[in-house]
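Notes follow once the structure below has been shown.
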Amino acid sequence: MAARKGIPAATAFEVAEALHLQPSQLEAIYDLSTKTLRSYLQDKKLLNAASSEKTLKIIALYNLGVEVFGEADAFLRWLGKPAHGLDGEVPLRLLETSGGIDLVEEELSRIAYGDLA
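Residue numbering for the sequence shown follows the working numbering, starting at 5 and increasing by one per position.
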């Protein structure tokens with residue numbers, strides 16, 4: 005429900021900080037320039053429904069990743085390297101789409117349950 009109403013643009017920057025994203029990565033995930041995102045932040049605007057949903061999914065993914073790997077640093081290292089279970093894709097690059105986020109979440113679940121195939 006929160007996604008439909010929109011969440012503060014500040015949350016996107018909190019996600020970027022937690023994931024140690026470069027500006028270009030933030031732009032790719034939100035399909036907005038950092039200038040536009042900063043304008044939203046300054047004007048206290050809400051993200052649209054699609055960006056809000058993506059943000060909430062990434063937050064849930066981050067929490068799952070920290071749970072699976074036991075610490076944020078280990079999860080972030082995994083997120084930045086090619087993953088066998090994702091056909092060699094770098095999980096971080098998959099966060100650009102909602103479907104990609106789902107694939108990364110599924111891979112984390114497989115890792116959590118020991119199914120690495």
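By construction, the Cβ of each residue, glycine as well, lies at the ideal position given by its N, Cα and C atoms.
Look at Leu-23 here: in three-state DSSP terms it is coil, with no helix or strand label.
Under the DSSP definition of a beta bridge, Pro-12 partners with Leu-50.
Residue state for Gly-92 is assigned as coil, using DSSP reduced to three classes.
Between Gly-92 and Lys-61, the alpha-carbon positions lie close to 22 angstroms from each other.
Within the same chain, Cβ atoms closer than 6 angstroms to the Cβ of Ala-116 are found at Val-72, the five residues on either side in sequence being excluded. A distance of 9 angstroms or more separates the beta carbons of Leu-65 and Leu-25. About 5 angstroms separates the CB atoms of Gly-10 and Leu-51; that is less than 8 angstroms, so the two are in contact. Spanning the alpha carbons of Thr-15 and Thr-59 requires a straight line of approximately 8 angstroms.
Spanning the alpha carbons of Leu-80 and Val-94 requires a straight line of approximately 11 angstroms.
The beta carbon of Ser-56 lies closer than 6 angstroms to those of Ala-7, Gly-10, Ile-11 in the same chain, with the five residues before and after it left out. A direct Cα-Cα distance of roughly 26 angstroms separates Leu-83 from Leu-45. Apart from sequence neighbours up to five positions away, the residues of its chain that approach Ile-105 with a beta-carbon distance below 8 angstroms are Lys-58, Lys-61, Ile-62, Leu-65, Leu-98, Leu-99, ordered along the chain.
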